[in-house]
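Participant: Dropping a structure here in C-alpha coordinates format, bear with me for questions.
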Amino acid sequence: MADRALLSLSPSPSFSSISDRIPPFHPSILSRSTILKTRLRRTIRQICQSELTAESRSLPRLKESLENPFIIKKILKEQVRSGDASATELFELGAVMLRRKVYPAATKYLLQAIEKWDGDDQDLAQVYNALGVSYVRDGKLEKGITQFETAVKLQPGYVTAWNNLGDAYEKKKDLKSALKAFEEVLLFDPNNKVARPRRDTLKERVTMYKGVPVKSKER
1 MADRALLSLS PSPSFSSISD RIPPFHPSIL SRSTILKTRL RRTIRQICQS ELTAESRSLP
61 RLKESLENPF IIKKILKEQV RSGDASATEL FELGAVMLRR KVYPAATKYL LQAIEKWDGD
121 DQDLAQVYNA LGVSYVRDGK LEKGITQFET AVKLQPGYVT AWNNLGDAYE KKKDLKSALK
181 AFEEVLLFDP NNKVARPRRD TLKERVTMYK GVPVKSKER
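For the sequence shown, the UniProt record's numbering begins at 1 and goes up steadily by one.
Okay, structure coming up:
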(Lines of atoms letter the chains of each structure in order from A; the text may use other names.)
(Lines give C-alpha, C1' and ligand atoms only; values in the text may rest on other atoms or scores of the structure.)
Protein backbone atom coordinates (compact mmCIF):
# COMPACT_ATOMS: atom_id res chain seq x y z
CA MET A 1 0.00 0.00 0.00
CA ALA A 2 2.87 2.39 0.66
CA ASP A 3 3.70 2.64 -3.03
CA ARG A 4 0.23 3.46 -4.27
CA ALA A 5 -0.34 6.94 -5.60
CA LEU A 6 -1.54 9.51 -3.10
CA LEU A 7 -4.43 10.48 -5.29
CA SER A 8 -5.27 7.15 -6.91
CA LEU A 9 -6.99 4.37 -5.04
CA SER A 10 -9.70 3.12 -7.42
CA PRO A 11 -9.67 1.37 -10.83
CA SER A 12 -10.46 4.72 -12.45
CA PRO A 13 -8.64 7.17 -10.19
CA SER A 14 -8.93 10.92 -10.49
CA PHE A 15 -7.95 13.93 -8.44
CA SER A 16 -11.53 15.12 -8.17
CA SER A 17 -13.05 11.87 -6.91
CA ILE A 18 -10.25 10.60 -4.68
CA SER A 19 -8.28 13.00 -2.54
CA ASP A 20 -8.06 11.66 0.99
CA ARG A 21 -4.81 9.69 0.88
CA ILE A 22 -2.18 10.89 3.32
CA PRO A 23 1.40 11.24 2.06
CA PRO A 24 3.53 8.23 2.99
CA PHE A 25 6.72 8.98 4.87
CA HIS A 26 10.21 7.78 4.00
CA PRO A 27 11.61 5.42 6.69
CA SER A 28 14.03 8.06 7.96
CA ILE A 29 11.20 10.58 8.12
CA LEU A 30 9.23 8.09 10.18
CA SER A 31 12.20 7.76 12.51
CA ARG A 32 12.40 11.52 12.90
CA SER A 33 8.63 11.63 13.37
CA THR A 34 8.92 9.13 16.23
CA ILE A 35 11.62 11.25 17.86
CA LEU A 36 9.47 14.34 17.37
CA LYS A 37 6.43 12.71 18.95
CA THR A 38 8.51 11.54 21.90
CA ARG A 39 9.79 15.07 22.43
CA LEU A 40 6.30 16.50 22.05
CA ARG A 41 4.90 14.04 24.57
CA ARG A 42 7.52 15.14 27.10
CA THR A 43 6.60 18.79 26.51
CA ILE A 44 2.88 18.06 26.73
CA ARG A 45 3.40 16.01 29.90
CA GLN A 46 5.20 18.95 31.52
CA ILE A 47 2.40 21.32 30.51
CA CYS A 48 -0.32 18.97 31.73
CA GLN A 49 1.43 18.31 35.03
CA SER A 50 1.86 22.01 35.67
CA GLU A 51 -1.81 22.68 34.94
CA LEU A 52 -3.26 19.84 37.01
CA THR A 53 -3.75 20.44 40.73
CA ALA A 54 -2.39 17.97 43.26
CA GLU A 55 -5.92 16.70 43.88
CA SER A 56 -6.84 16.19 40.24
CA ARG A 57 -3.48 14.99 38.92
CA SER A 58 -4.01 11.42 37.74
CA LEU A 59 -2.56 9.03 35.20
CA PRO A 60 -5.82 8.53 33.22
CA ARG A 61 -6.33 12.27 32.78
CA LEU A 62 -2.69 12.80 31.86
CA LYS A 63 -2.84 9.94 29.36
CA GLU A 64 -5.98 11.42 27.81
CA SER A 65 -4.23 14.77 27.38
CA LEU A 66 -1.16 13.17 25.82
CA GLU A 67 -3.27 11.37 23.21
CA ASN A 68 -5.34 14.42 22.28
CA PRO A 69 -4.44 15.37 18.67
CA PHE A 70 -5.64 18.93 19.23
CA ILE A 71 -3.10 19.42 22.02
CA ILE A 72 -0.33 18.01 19.83
CA LYS A 73 -1.31 20.33 16.99
CA LYS A 74 -1.40 23.27 19.41
CA ILE A 75 2.15 22.50 20.59
CA LEU A 76 3.35 22.26 17.00
CA LYS A 77 1.79 25.61 16.13
CA GLU A 78 3.37 27.20 19.19
CA GLN A 79 6.78 25.99 18.07
CA VAL A 80 6.17 27.46 14.61
CA ARG A 81 5.09 30.82 16.05
CA SER A 82 8.13 30.99 18.29
CA GLY A 83 10.41 30.20 15.36
CA ASP A 84 11.71 27.07 17.09
CA ALA A 85 10.10 24.57 14.72
CA SER A 86 12.50 22.35 12.82
CA ALA A 87 12.04 21.39 9.18
CA THR A 88 10.68 18.00 10.26
CA GLU A 89 8.18 19.64 12.62
CA LEU A 90 7.04 21.97 9.84
CA PHE A 91 6.61 18.91 7.64
CA GLU A 92 4.55 17.25 10.39
CA LEU A 93 2.30 20.29 10.67
CA GLY A 94 1.96 20.50 6.89
CA ALA A 95 0.90 16.85 6.84
CA VAL A 96 -1.70 17.55 9.55
CA MET A 97 -3.14 20.40 7.48
CA LEU A 98 -3.15 18.18 4.40
CA ARG A 99 -5.18 15.56 6.28
CA ARG A 100 -7.60 18.27 7.39
CA LYS A 101 -7.84 19.51 3.78
CA VAL A 102 -6.64 23.00 4.74
CA TYR A 103 -4.51 23.24 1.63
CA PRO A 104 -3.27 26.86 1.82
CA ALA A 105 -1.94 26.19 5.34
CA ALA A 106 -0.47 22.84 4.27
CA THR A 107 1.32 24.54 1.38
CA LYS A 108 2.64 27.28 3.67
CA TYR A 109 4.17 24.89 6.20
CA LEU A 110 5.56 22.53 3.56
CA LEU A 111 7.27 25.44 1.79
CA GLN A 112 8.78 26.51 5.12
CA ALA A 113 9.96 22.94 5.70
CA ILE A 114 11.70 22.94 2.32
CA GLU A 115 13.34 26.29 3.06
CA LYS A 116 14.73 25.04 6.39
CA TRP A 117 15.61 21.54 5.23
CA ASP A 118 19.10 20.38 6.13
CA GLY A 119 18.67 16.62 5.81
CA ASP A 120 19.00 14.08 3.02
CA ASP A 121 17.65 14.75 -0.46
CA GLN A 122 15.72 11.47 -0.39
CA ASP A 123 13.83 12.71 2.66
CA LEU A 124 13.29 16.09 1.03
CA ALA A 125 11.64 14.32 -1.90
CA GLN A 126 8.84 13.27 0.47
CA VAL A 127 8.17 16.92 1.31
CA TYR A 128 8.05 17.94 -2.36
CA ASN A 129 5.65 15.08 -3.05
CA ALA A 130 3.36 16.21 -0.23
CA LEU A 131 3.56 19.79 -1.51
CA GLY A 132 2.58 18.56 -4.97
CA VAL A 133 -0.47 16.83 -3.52
CA SER A 134 -1.45 20.02 -1.68
CA TYR A 135 -1.18 22.12 -4.85
CA VAL A 136 -3.15 19.64 -6.97
CA ARG A 137 -5.93 19.31 -4.41
CA ASP A 138 -6.05 23.10 -4.25
CA GLY A 139 -6.61 23.29 -8.01
CA LYS A 140 -3.06 24.33 -8.91
CA LEU A 141 -2.20 21.51 -11.30
CA GLU A 142 0.89 23.04 -12.94
CA LYS A 143 2.50 23.81 -9.59
CA GLY A 144 1.72 20.29 -8.43
CA ILE A 145 3.41 18.80 -11.48
CA THR A 146 6.53 20.88 -10.79
CA GLN A 147 6.75 19.51 -7.23
CA PHE A 148 6.31 15.89 -8.34
CA GLU A 149 9.02 16.37 -10.97
CA THR A 150 11.35 17.75 -8.32
CA ALA A 151 10.56 14.80 -6.04
CA VAL A 152 11.52 12.20 -8.66
CA LYS A 153 14.69 14.11 -9.54
CA LEU A 154 15.74 14.00 -5.90
CA GLN A 155 14.72 10.36 -5.52
CA PRO A 156 14.47 8.64 -8.94
CA GLY A 157 13.01 5.45 -7.47
CA TYR A 158 10.20 7.24 -5.63
CA VAL A 159 7.29 5.22 -7.04
CA THR A 160 4.51 7.17 -5.31
CA ALA A 161 5.72 10.47 -6.75
CA TRP A 162 5.95 8.94 -10.24
CA ASN A 163 2.37 7.67 -9.90
CA ASN A 164 1.24 11.11 -8.77
CA LEU A 165 3.08 12.70 -11.68
CA GLY A 166 1.33 10.33 -14.07
CA ASP A 167 -2.03 11.21 -12.52
CA ALA A 168 -1.30 14.91 -12.86
CA TYR A 169 -0.21 14.68 -16.49
CA GLU A 170 -3.29 12.64 -17.35
CA LYS A 171 -5.44 15.27 -15.66
CA LYS A 172 -3.67 17.83 -17.84
CA LYS A 173 -4.49 15.68 -20.92
CA ASP A 174 -0.77 15.20 -21.61
CA LEU A 175 -1.14 11.50 -22.31
CA LYS A 176 2.40 10.86 -23.55
CA SER A 177 3.97 12.36 -20.43
CA ALA A 178 1.51 10.45 -18.25
CA LEU A 179 2.41 7.21 -20.04
CA LYS A 180 6.12 7.89 -19.54
CA ALA A 181 5.59 8.47 -15.80
CA PHE A 182 3.73 5.19 -15.33
CA GLU A 183 6.38 3.35 -17.36
CA GLU A 184 8.99 4.75 -14.96
CA VAL A 185 7.03 3.27 -12.07
CA LEU A 186 7.10 -0.16 -13.68
CA LEU A 187 10.86 0.02 -14.15
CA PHE A 188 11.23 0.19 -10.37
CA ASP A 189 8.17 -1.89 -9.44
CA PRO A 190 7.05 -4.16 -12.32
CA ASN A 191 4.00 -5.41 -10.42
CA ASN A 192 2.74 -2.02 -9.24
CA LYS A 193 -1.04 -2.34 -9.13
CA VAL A 194 -1.63 1.36 -9.75
CA ALA A 195 0.72 1.93 -12.66
CA ARG A 196 0.24 -1.28 -14.68
CA PRO A 197 -3.44 -0.81 -15.65
CA ARG A 198 -2.93 2.91 -16.13
CA ARG A 199 0.04 2.27 -18.42
CA ASP A 200 -1.93 -0.25 -20.49
CA THR A 201 -4.92 2.08 -20.86
CA LEU A 202 -2.74 5.03 -21.80
CA LYS A 203 -0.87 2.96 -24.39
CA GLU A 204 -4.18 2.23 -26.11
CA ARG A 205 -5.24 5.87 -25.98
CA VAL A 206 -1.91 7.17 -27.28
CA THR A 207 -2.01 4.63 -30.14
CA MET A 208 -5.60 5.57 -30.93
CA TYR A 209 -4.76 9.28 -31.11
CA LYS A 210 -1.52 8.72 -33.03
CA GLY A 211 -1.49 10.92 -36.10
CA VAL A 212 -4.20 13.21 -34.72
CA PRO A 213 -2.93 16.83 -34.62
CA VAL A 214 -2.33 18.12 -31.09
CA LYS A 215 -1.46 21.55 -29.77
CA SER A 216 1.78 20.57 -28.08
CA LYS A 217 4.87 20.12 -30.26
CA GLU A 218 6.47 16.73 -30.67
CA ARG A 219 9.95 16.52 -29.12
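All residues carry an ideal CB built from backbone N, CA and C; glycine is no exception.
1) In chain order, what are the residue ranges of uninterrupted alpha helix (DSSP H) at least 4 long that sit wholly in the region 136-177?
2) What does a CB cutoff of less than 6 Å around E170 pick up in its chain, not counting 5 residues either side in sequence?
3) Going by the beta-carbon positions, is the gap between A106 and M97 smaller than 9 Å?
4) What is the rounded straight-line gap between the Cα of S134 and the Cα of A151?
5) Are V159 and A195 touching if we call contact CB-CB under 9 Å?
6) Would you kindly report the start and end of the unbroken alpha helix (DSSP H) that includes G94?
7) Determine the contact status of F148 and A168, defining contact as a CB-CB distance below 9 Å.
8) According to DSSP, simplified to helix, strand and coil, what is Y209?
9) Check D200 in the structure and name its three-state DSSP category.
10) What would DSSP say about G132, mapped onto helix, strand or coil?
11) Taking C-beta to C-beta, are V127 and L175 nearer than 9 Å?
12) Given residue 225, which residues of its chain have a CB within under 6 Å of its CB, disregarding the five upstream and five downstream residues?
13) What number of angstroms, rounded off, separates the C-alpha of G157 from the C-alpha of R100?
14) Between the C-alpha atoms of N192 and K203, what's the straight-line distance to the nearest angstrom?
Facilitator: With the structure as the only source:
1) 141-154, 159-171
2) A178
3) yes
4) 14 Å
5) yes
6) 87-99
7) yes
8) coil
9) helix
10) helix
11) no
12) With the chain covering only 1 through 219, there is no way to say anything about residue 225.
13) 28 Å
14) 16 Å
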